[in-house]
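As you go down the protein sequences, you meet chains A and B in turn. Per full-length UniProt numbering, the very first residue in the first sequence carries number 1; after that it's consecutive. Per full-length UniProt numbering, the very first residue in the second sequence carries number 1; after that it's consecutive. Note that beta-carbon positions come from the ideal geometry of N, C-alpha and C, so glycine has one too.
Number of protein chains: 2
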Amino acid sequence: MRIDAALGDIEAVLGERLSRSRPVREQHAQSETHLHAGPPDAVAFPRSTAEVARIAEICTAHRVPMVGWGAGTSLEGHALALKGGVTIDFAQMDRILELRPEDMIVRVQPGLTREGLNAALRDTGLFFPVDPGADASLGGMAATRASGTTAVRYGTMRDNVLGLEVVLSDGRVIRTGTAAPKSSSGYDLTALMVGSEGTLGLITELTLRLHGQPEAVSAAVCAFPDMGAAVGCVIETIQHGIPMARIEFLDAASVTACNAYAQMEMPAVPHLLIEFHGTEAGVAEQAERFGEIAAEHGSADFQWATRTEDRARLWKMRHAAYRACLALRPGAEGWVTDVCVPISRLAEAVEETQADLAASPVPGPILGHVGDGNFHAILLVDPQSAEELAEAKRLSGRMAERALRLGGTVTGEHGIGFGKLGYMEAEHGAGWAVMGAIKQALDPLGLLNPGKMVASA
Amino acid sequence: MRIDAALGDIEAVLGERLSRSRPVREQHAQSETHLHAGPPDAVAFPRSTAEVARIAEICTAHRVPMVGWGAGTSLEGHALALKGGVTIDFAQMDRILELRPEDMIVRVQPGLTREGLNAALRDTGLFFPVDPGADASLGGMAATRASGTTAVRYGTMRDNVLGLEVVLSDGRVIRTGTAAPKSSSGYDLTALMVGSEGTLGLITELTLRLHGQPEAVSAAVCAFPDMGAAVGCVIETIQHGIPMARIEFLDAASVTACNAYAQMEMPAVPHLLIEFHGTEAGVAEQAERFGEIAAEHGSADFQWATRTEDRARLWKMRHAAYRACLALRPGAEGWVTDVCVPISRLAEAVEETQADLAASPVPGPILGHVGDGNFHAILLVDPQSAEELAEAKRLSGRMAERALRLGGTVTGEHGIGFGKLGYMEAEHGAGWAVMGAIKQALDPLGLLNPGKMVASA
Ligand SMILES: Cc1cc2nc3c(=O)[nH]c(=O)nc-3n(C[C@H](O)[C@H](O)[C@H](O)COP(=O)(O)OP(=O)(O)OC[C@H]3O[C@@H](n4cnc5c(N)ncnc54)[C@H](O)[C@@H]3O)c2cc1C
Ligand SMILES: Cc1cc2nc3c(=O)[nH]c(=O)nc-3n(C[C@H](O)[C@H](O)[C@H](O)COP(=O)(O)OP(=O)(O)OC[C@H]3O[C@@H](n4cnc5c(N)ncnc54)[C@H](O)[C@@H]3O)c2cc1C
Numbered sequence: 001m002r003i004d005a006a007l008g009d010i011e012a013v014l015g016e017r018l019s020r021s022r023p024v025r026e027q028h029a030q031s032e033t034h035l036h037a038g039p040p041d042a043v044a045f046p047r048s049t050a051e052v053a054r055i056a057e058i059c060t061a062h063r064v065p066m067v068g069w070g071a072g073t074s075l076e077g078h079a080l081a082l083k084g085g086v087t088i089d090f091a092q093m094d095r096i097l098e099l100r101p102e103d104m105i106v107r108v109q110p111g112l113t114r115e116g117l118n119a120a121l122r123d124t125g126l127f128f129p130v131d132p133g134a135d136a137s138l139g140g141m142a143a144t145r146a147s148g149t150t151a152v153r154y155g156t157m158r159d160n161v162l163g164l165e166v167v168l169s170d171g172r173v174i175r176t177g178t179a180a181p182k183s184s185s186g187y188d189l190t191a192l193m194v195g196s197e198g199t200l201g202l203i204t205e206l207t208l209r210l211h212g213q214p215e216a217v218s219a220a221v222c223a224f225p226d227m228g229a230a231v232g233c234v235i236e237t238i239q240h241g242i243p244m245a246r247i248e249f250l251d252a253a254s255v256t257a258c259n260a261y262a263q264m265e266m267p268a269v270p271h272l273l274i275e276f277h278g279t280e281a282g283v284a285e286q287a288e289r290f291g292e293i294a295a296e297h298g299s300a301d302f303q304w305a306t307r308t309e310d311r312a313r314l315w316k317m318r319h320a321a322y323r324a325c326l327a328l329r330p331g332a333e334g335w336v337t338d339v340c341v342p343i344s345r346l347a348e349a350v351e352e353t354q355a356d357l358a359a360s361p362v363p364g365p366i367l368g369h370v371g372d373g374n375f376h377a378i379l380l381v382d383p384q385s386a387e388e389l390a391e392a393k394r395l396s397g398r399m400a401e402r403a404l405r406l407g408g409t410v411t412g413e414h415g416i417g418f419g420k421l422g423y424m425e426a427e428h429g430a431g432w433a434v435m436g437a438i439k440q441a442l443d444p445l446g447l448l449n450p451g452k453m454v455a456s457a
Numbered sequence: 001m002r003i004d005a006a007l008g009d010i011e012a013v014l015g016e017r018l019s020r021s022r023p024v025r026e027q028h029a030q031s032e033t034h035l036h037a038g039p040p041d042a043v044a045f046p047r048s049t050a051e052v053a054r055i056a057e058i059c060t061a062h063r064v065p066m067v068g069w070g071a072g073t074s075l076e077g078h079a080l081a082l083k084g085g086v087t088i089d090f091a092q093m094d095r096i097l098e099l100r101p102e103d104m105i106v107r108v109q110p111g112l113t114r115e116g117l118n119a120a121l122r123d124t125g126l127f128f129p130v131d132p133g134a135d136a137s138l139g140g141m142a143a144t145r146a147s148g149t150t151a152v153r154y155g156t157m158r159d160n161v162l163g164l165e166v167v168l169s170d171g172r173v174i175r176t177g178t179a180a181p182k183s184s185s186g187y188d189l190t191a192l193m194v195g196s197e198g199t200l201g202l203i204t205e206l207t208l209r210l211h212g213q214p215e216a217v218s219a220a221v222c223a224f225p226d227m228g229a230a231v232g233c234v235i236e237t238i239q240h241g242i243p244m245a246r247i248e249f250l251d252a253a254s255v256t257a258c259n260a261y262a263q264m265e266m267p268a269v270p271h272l273l274i275e276f277h278g279t280e281a282g283v284a285e286q287a288e289r290f291g292e293i294a295a296e297h298g299s300a301d302f303q304w305a306t307r308t309e310d311r312a313r314l315w316k317m318r319h320a321a322y323r324a325c326l327a328l329r330p331g332a333e334g335w336v337t338d339v340c341v342p343i344s345r346l347a348e349a350v351e352e353t354q355a356d357l358a359a360s361p362v363p364g365p366i367l368g369h370v371g372d373g374n375f376h377a378i379l380l381v382d383p384q385s386a387e388e389l390a391e392a393k394r395l396s397g398r399m400a401e402r403a404l405r406l407g408g409t410v411t412g413e414h415g416i417g418f419g420k421l422g423y424m425e426a427e428h429g430a431g432w433a434v435m436g437a438i439k440q441a442l443d444p445l446g447l448l449n450p451g452k453m454v455a456s457a
């Protein structure tokens, strides 16, 4: 690694948009969670694909690591420069390149955030559904295969990225996918890049599927006597084929946190937050059928949010749930778990996790995108306490093992970063070595986000 | 390649289930289309993953090609053993391994066909939607990333395969995906294998997503004054977000073919065949709104098929359309084209293709899954005529170039096989070399379905 020579060459391309200043570097050593690492050697702010390609060529020539950076909201230390090198911050590549309403697609740069995109789409009748709560960048969301509250209806980034432009480690630029709705042409490089966490290439452009803004929307907050009843209601709703747009679970502790943080007044019992999208008649029909199922599962308190403001407040509260949980224990850091299991095993997975938590000194409110079998315990740890960190590690390890035992995955949506690297072999077995072989084929020098995803050379 | 030694070793494992007989080998040199090649050296009929893994080990040890075979219905010579070796026919691996209605998934062996699966699901309230017309094997459908009439609503094999078991060229067995609805764990090896046409591994098991059988179904046959009106109707229906389960286009020539072959009496003008799935009320609402749009686009003759028998007859006719077209010209072979473009360019793509065909001596009825922007011209060629074959090649080349120019793909659903290898570089540019690198990483000796998908070593 010849870092100085590399930075000199990159500076010749970017000028002041290559920063070696301590505050900028420190900013790119931040993570939302308990995971920490030192800063990169410099941060680059490219404005075009050509600039990204030049950076990659230079870094390859000098054997310098390259780490992509979107909005820095990922939860497993994904964007931390474990081996130093250059962090490539896509903040200045945030334009909409082409909107094609007739095809319901949009071509964007990776630094655009999902909220930025949806603000720009407001008057078009279209929207981009993937909703991880945080205002993440679309490049980062593709890189982590993000999802969120609406995946149960609209899918994850896997389903909503139609094509990409990607700069490879050596500076070659490839385009994956087309603007056609489907293709059987060749290996699915789009899907390979989605979820690759910046270890196979740097995404410089995305073609995204858009969806029609629903004609009618209806949301509800439903209290349940216990977690099993809430999960039972979810399973039955899915089996009846009622097309929910969102179905979110909050346990009693999360409800308490949200009440305090967002001035809500929900009873301190498990809740489902649910939303339907469709025509007026369709939504009314769905809501009625869901209401019957929920009542059968003992949901007594049942409030429909029909006004736009009420719904906005509801989802703002849901999106603030992470902060709300953190606020339960001032000074604590969040250790965010993220398992996903087959729906039929969801109640079991949540119950066993609750039992673990009840027996532990570390608090951990539980919430999740239960329509996908996906839930999180937000473990609230004192970052100064080695015991608490060890306990959180044990709890999250048990959740991961449980998810695998039940036929699920150690991460439903947050990804691997370096926080979950230790589970890759358990989840993928010989498949993990195949991932290593692919990494080796595309990034033979191991310069793209080193220390992540695959076994280190 | 030490073929005799390899066959001896495989025979020791499979006994009579390794066939060197000429008829069996010839049967595995058949293709549905104008593409032909010599037979493999032998055909293996394994019954378990372990047997497939042993075959792969033996073939690798002796440097012998391995070619997967499902139902042999692919249309670009995919399953032809271009370099000889062993064809692995999955016909005897056709069991349902595990049905999990609560999770709406099923685990199957690759040789099971989609009709076989749906017959077994009939009384469960569930079905598997991907419908390529032919009674293809599920392994072959995954390998070609197949779709068909219902993709506009339920997606393609990309969307409906949740996980796989795959035997790699050296005999290692990997499992991709999990039984959970989504995951952000690692590179998406499932998506990489789907559409890889047996060049990266042999699929020995699939976990598939099932869907609820719709409560209500309604289908219609609508005649349009011209192709532009029919396509305009499709585009507007999509933009209104009306959730069609199927929307198929037949041009006047296809209609004539179907009338003759299936004793139908449609007027000889372009038609749309459409189907809605949902609740009684939902389907009625959708049908009404579609009816309005179709009428605005000049659809005069408009027949609803409400009875199950009428719908069955309708889709049987659609599925027989290929044979119906072949019957237009006895003795002809089909050269089936398969392009896919963004919806907004569909009318243009079909019109230009029709103009080409009008000026050509080779007949080519056009039909397609227009809700996806996907259509086929069935070129009817005299296999003895070098001029006609050259003309068909020219026509299909122009369709492929047109699709790329309009932002689409050279194959919407049939895949590459060896018929379309010549377009890979034009469609993927530098991405094709990346595919080559992945092939090299997973199958370094190039033994899996050689001569397909990537540039030959
Ligand atoms: C409060 C809160 C709630 C959240 N809720 C959810 C949720 O519901 N669902 C969910 O999925 N996630 C959730 N997350 C996690 C996070 O928002 C997602 O992981 C998101 O996709 C990260 O995007 P980002 O732009 O912040 O990426 P970053 O954190 O900047 O980077 C993430 C990874 O992507 C790589 N990367 C970034 N840009 C590029 C690029 N252009 N090319 C190649 N690689 C790149 C980075 O190197 C890194 O490996 C939540 C986070 C917070 C803080
Ligand atoms: C009348 C007709 C209509 C059609 N309509 C459509 C349509 O609407 N949509 C559509 O998508 N296709 C259509 N097709 C094409 C064909 O049905 C599909 O390509 C189908 O997916 C092929 O499946 P198969 O089992 O016949 O595969 P095969 O032809 O046997 O093999 C196809 C490829 O898959 C590989 N393969 C097979 N099994 C395995 C395995 N277990 N592991 C690894 N590789 C394997 C083979 O090596 C080969 O490369 C049609 C074909 C016909 C004849």
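- A/Ser254 counts as buried, since no fewer than 16 other beta carbons sit within 10 angstroms of its beta carbon.
- The continuous stretches of alpha helix (DSSP H) do not include A/Phe128, and DSSP gives it neither H nor E.
- Ligand 1 approaches A/Val67 closely enough that one of its heavy atoms is under 8 Å from the residue's Cβ.
- Positions of the alpha helix (DSSP H) runs, each at least 4 residues long and wholly inside the region 235 to 313 of chain A, are given as 252 to 262, 280 to 296 in order along the chain.
- The C-alpha of A/Ala268 lies about 53 Å from the C-alpha of A/Ala441.
- Taken through DSSP and simplified to helix, strand or coil, A/His376 comes out as strand.
- Here A/Asp301 is exposed: its Cβ has fewer than 16 other Cβ atoms, across all protein chains shown, within 10 Å.
- Contacts with chain B (Cβ-Cβ distance below 7 Å) from the region 397 to 417 of chain A involve Gly407, Gly408, Thr409, Val410, Thr411, Gly412, Glu413, His414, Gly415, Ile416, listed in chain order.
- Of the candidates B/Gln27, B/Asp251, B/Gly116, the residue whose Cα lies closest to the Cα of B/Ala223 is B/Asp251.
- In this model, A/Gly436 and B/His211 are separated by some 34 Å (Cα to Cα).
- Look at the region 176 to 187 of chain B: the residues with a C-beta under 8 Å from a C-beta of chain A are Thr176, Thr178, Ala179, Ala180, Pro181, Lys182, Ser183, Ser184, Ser185, Gly186, Tyr187.
- In this structure, the C-beta of B/Arg323 approaches ligand 2 to less than 8 Å from one of its heavy atoms.
- Taking the C-beta atoms as reference points, B/Gly133 is found no nearer than 9 Å to B/Arg394.
- For A/Ala56, the CB stays at least 8 Å from every heavy atom of ligand 1.
- For A/Ile343, the chain B residues whose C-beta falls within less than 9 Å of its own C-beta are Glu102, Asp103, Met104, Ala180, Pro181, listed in chain order.
- A/Cys222 is bridged by DSSP to A/Leu272, A/Phe302.
- At least one CB of chain B lies nearer than 9 Å to the CB of A/Thr279.
- Taking a beta-carbon distance threshold of 9 Å, B/Trp432 counts as an interface residue toward chain A.
- From the beta-carbon of A/Gln440, the residues of chain B found nearer than 7 Å are Ala441.
- Along the region 256 to 285 of chain A, going in chain order, the ones with a CB nearer than 7 Å to a CB of chain B are Thr279, Ala281, Gly282, Glu285.
- Per DSSP, A/Thr353 is one residue of the alpha helix (DSSP H) stretching across 346 to 358.
- Not one beta carbon of chain B lies nearer than 9 Å to the beta carbon of A/Ser218.
- By the Cβ criterion, the region 126 to 146 of chain B is not in contact with the region 169 to 189 of chain B, since fewer than three pairs of Cβ atoms, one from each stretch, lie closer than 8 Å.
- Contact fails between the region 197 to 213 of chain B and the region 353 to 370 of chain A, because fewer than three Cβ pairs, one in each stretch, are under 8 Å apart.
- Taking the C-beta atoms as reference points, A/Arg145 is found nearer than 9 Å to B/Ser183.
- Proximity to A/Met264 across A/Met193, A/Ala324, A/Ala71, A/Gln27 peaks at A/Ala324, based on C-alpha coordinates.
- A Cβ-Cβ contact shorter than 9 Å links A/Ala216 with A/Ala284.
- Between the C-alpha atoms of A/Phe290 and A/Val221 there is a straight-line separation of about 12 Å.
- Annotation for A/Ala44: the continuous beta strand (DSSP E) segment containing it runs 42 to 44.
- Here A/Val166 carries a strand assignment [DSSP, helix/strand/coil].
- In chain order, Met66, Val167, Leu168, Ser169, Asp170, Gly171, Leu202 place their CB closer than 8 Å to the CB of A/Ala56, counting only its own chain and leaving out the 5 sequence neighbours on each side.
- Here the C-alpha atom of B/Val336 lies approximately 15 Å from the C-alpha atom of B/Leu421.
- Burial of A/Lys439 is indicated by the presence of at least 16 other C-beta atoms within 10 angstroms of its C-beta.
- A distance below 6 Å between beta-carbons, with the five flanking residues on each side excluded, links B/Leu189 to the following residues of its chain, in chain order: Thr176.
- Thr144, Arg145, Ala146, Ser147, Ala151, Val152: these are the residues of the region 129 to 152 of chain B whose beta carbon lies less than 9 Å from some beta carbon of chain A, given in chain order.
- Taking C-beta atoms as the reference points, A/Asp94 and A/Gly72 fail to come closer than 9 Å.
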